[in-house]
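Engineer: My structure is below; once you've seen it, I'll send some questions.
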Amino acid sequence: MRRMSTDLVDRSKGVLLGLMFGDALGAPFEGWPPSEIRSYALKELKSPSGLVNKFVEAVHMGTFVAGPEPGTYELAVGEVNLIAHVAKTQAEFFSSGDLQRGYPGTAQKGLRLIMEGVSYKETGEPPHFPFAGGSFANGGAMRISPLAVAFRESTAEVLRMAVEEAIRSSHRHPEAIDGAAAQARAVQFLLSSIPICSFGRPESDTLPGSEGGSRTETGEGRQGDSTPSSSALLQTGDFFGALRAVCRTDAYLSMLTALEERLKFFSHCNSQPEGDSHEKDEEREREEDASGPSVSGSEEDERELRSILKEYKRPGSGMGFQIASVHASACVFWIFWRYGRRRVRAMEAVQQAVGLGGDSDTVASMVGALVGALHGWAWIDTVLDGSTRRDGSGETLLSQLENGKRGRDYVTQLAFKLLQLSLDTVEELEKS
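Here the sequence shown is numbered in my numbering, starting from 64 and rising by one per residue.
Now the structure itself:
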């Protein structure tokens, strides 16, 4: 059995539990506009910030969601089973047990075709999929985050190849592949990054290693990559440069550049150029910690993202519902970078993702996976509403997550199984 650092175990759990948590928090608000979410949070949840601060009923299903919204989470866990060889295929996972919840019609059709003997290499294209070129939707990116844990030591090129193969059955469009590759690369990058946990200062001087102990600041051990030094690990250019390294389409390359430039502008206006003294950051963050998140932040994010995404029109998609991969990814990376880098704002990052509305469970689950990759899972083991740090039931959010047949304990076990793998080639994925 592979030995690994406690930090890396926590981060692997964080990826899966963060995905699960974001899915659960966002599920009831899928399809809602941001203004209605803010109004509901202010009036019904008594949230001063206008952010969702507890699990509520999933209105579209009429059931209480104290756990994953079917679809996002179940598909991702199916992907983990495929990687970790708990089930031989995702199709077998789908057909087993009684939790075939929320798989969209296209996913169900594809999995049934595979079970009937159709090659997974054919199910994502005509005649099995109705549109030539395949789906540009966000489903591949939605479920891919766990793969990055297994490929945490691989090069960016190998990671992209693995992603493309993993989502081939459902998403063949170049933008869908870019979206999944960028999400996986973000998880991979953050798994070996130093979190900013206290007023902009790094938590430690070393990076988490995969073989008991820590990795050095040079990033030695990730083949073919140049990992920045610890002082620069979470600078905007490094992060977005890492994402562009796995993207091929003009849309994704230009969208990521637009996000980077706009986020650098925000960083400059709100504090100081990256790399300068932390003194102004400390003062600003103390003020933020004292006052908590604000409604204006959500409105600002919505406005900025609309401005960026107007250049990337896709049929049936937009800020109203970010079904297109390029739209969902922009929301995920924007929200994570503005809020998720600092441990004190880890929870807020997922709340802000929900607050964007539209495909809220997908976007929030992807943000949750990124936050978990950087900060581990402990940020979920908390409460949200008020100074008592307790919600109405007196339970932490983590304890409220579903824990049935495929609930949080099951996910925790899968997170550990993923760490037994350290894949460097696509062939290893096929054999694992």
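Yeah, the Cβ is synthetic: ideal placement off N, Cα and C, and Gly gets one too.
Owing to the predicted nature of the structure, the values given are computational and were not obtained by experimental measurement.
If you reduce the DSSP assignment to three classes, tell me which class Gly202 lands in.
Structural biologist: Here Gly202 sits in helix by DSSP.
Engineer: Which residues does DSSP list as the beta-bridge partners of Arg377?
Structural biologist: DSSP, once it has assigned bridges, lists Ser380 as partnering Arg377.
Engineer: If you follow the alpha helix (DSSP H) that Gly397 is in, where does it begin and where does it stop?
Structural biologist: Checking the sequence shown, residue 397 turns out to be Trp, not Gly. Taken as a continuous stretch (DSSP letters only), the alpha helix (DSSP H) holding Trp397 covers 388–398.
Engineer: Could you give the DSSP three-state label for Arg101: helix, strand or coil?
Structural biologist: Three-state DSSP puts Arg101 in a helix.
Engineer: Just verifying my parser: in three-state terms, what is the DSSP assignment at Arg175?
Structural biologist: Reduced to three states, the DSSP call for Arg175 is helix.
Engineer: Which stretch, first to last residue, makes up the alpha helix (DSSP H) that contains Phe252?
Structural biologist: Taken as a continuous stretch (DSSP letters only), the alpha helix (DSSP H) holding Phe252 covers 237–254.
Engineer: Straight-line CA distance for Ser98 to Gly418?
Structural biologist: One C-alpha to the other measures close to 8 Å.
Engineer: Would you identify the three-state DSSP class for Arg405, choosing helix, strand or coil?
Structural biologist: Residue state, collapsed to three classes: strand.
Engineer: CA-CA distance, Pro209 and Ala247?
Structural biologist: Their backbone Cα atoms lie some 8 Å apart in a straight line.
Engineer: Quick one: what's got a C-beta closer than 6 Å to Phe214's C-beta in the same chain, skipping five residues either side?
Structural biologist: Taken in chain order, the residues that qualify are Leu222, Ala225, Leu486.
Engineer: How would you label Ser75, buried or exposed, when you count the other beta carbons within 10 angstroms and need 16 or more for buried?
Structural biologist: Classification for Ser75: buried.
Engineer: Applying the criterion that 16 or more other CB atoms from any shown protein chain within 10 Å of the CB defines a buried residue, is Pro378 buried or exposed?
Structural biologist: By the neighbour-count rule (16 or more Cβ atoms within 10 Å), Pro378 is not buried but exposed.
Engineer: With three or more C-beta pairs closer than 8 Å as the rule, is the segment 368–385 touching the segment 112–119?
Structural biologist: Flag = no, the segment 112–119 and the segment 368–385 do not touch.
Engineer: Let me check understanding here. Comparing Cα to Cα, which of Cys310, Leu306, Trp440, Thr459 lies closest to Leu79?
Structural biologist: If we check each option's Cα against that of Leu79, Trp440 comes out closest.
Engineer: Put Arg74 into one of helix, strand or coil per three-state DSSP.
Structural biologist: Helix.
Engineer: Identify the continuous alpha helix (DSSP H) that holds His234 and give its terminal residues.
Structural biologist: Neither: His234 is in no alpha helix (DSSP H) and is coded neither H nor E.
Engineer: Do Trp397 and Leu306 come within 8 Å of each other at the CB atom, strictly closer than that value?
Structural biologist: Not in contact: Leu306 and Trp397 (Cβ atoms no closer than 8 Å).
Engineer: Under the rule that 16 or more other beta-carbon atoms within 10 Å means buried, what is Ser370, buried or exposed?
Structural biologist: Answer is exposed; the Cβ neighbour count stays below 16.
Engineer: Tell me, to the nearest whole angstrom, how far the beta carbon of Gly431 is from that of Gly81; I am working on the premise that it is less than 8 Å.
Structural biologist: At roughly 3 Å, the Cβ-Cβ gap stays under 8 Å, so Gly431 and Gly81 are in contact.
Engineer: Between Gln483 and Leu437, what straight-line distance do the alpha-carbon atoms span, to the nearest angstrom?
Structural biologist: Spanning the two alpha carbons is a distance of roughly 19 Å.
Engineer: Between the segment 466–477 and the segment 191–203, are three or more C-beta pairs nearer than 8 Å?
Structural biologist: Result no; under three Cβ-Cβ pairs closer than 8 Å.
Engineer: Report all residues from its chain with a CB closer than 8 Å to the CB of Val20; omit the five preceding and five following residues, and keep chain order.
Structural biologist: With the chain represented from 64 up to 495, any question about residue 20 goes unanswered, as that position is not in the structure.
Engineer: Phe92 and Gly420: beta carbons closer than 8 Å?
Structural biologist: Contact: yes.
Engineer: Which value, in whole angstroms, describes the spacing of the CA atoms of Thr218 and Val395?
Structural biologist: Distance between the alpha carbons of Thr218 and Val395 is about 23 Å.
Engineer: Would you report the Cα separation of Thr445 and Val181, rounded to the nearest angstrom?
Structural biologist: So the two alpha carbons sit approximately 45 Å from each other.
Engineer: What does a CB cutoff of less than 7 Å around Phe384 pick up in its chain, not counting 5 residues either side in sequence?
Structural biologist: Counting only Cβ-Cβ distances below 7 Å, and skipping sequence neighbours, we find Gly94, Gly421, Asp422.
Engineer: In whole angstroms, what separates the C-alpha of Glu220 from that of Ser102?
Structural biologist: If you take the alpha carbons of Glu220 and Ser102, they lie about 44 Å apart.
Engineer: Can Ile230 and Ala245 be called in contact, C-beta distance under 8 Å?
Structural biologist: For Ile230 and Ala245, no; Cβs fall outside 8 Å.
Engineer: Give me the residue from Ser256, Phe194, His234, Ala195 with the minimum Cα distance to Lys184.
Structural biologist: For Lys184, the nearest C-alpha among the options comes from His234.
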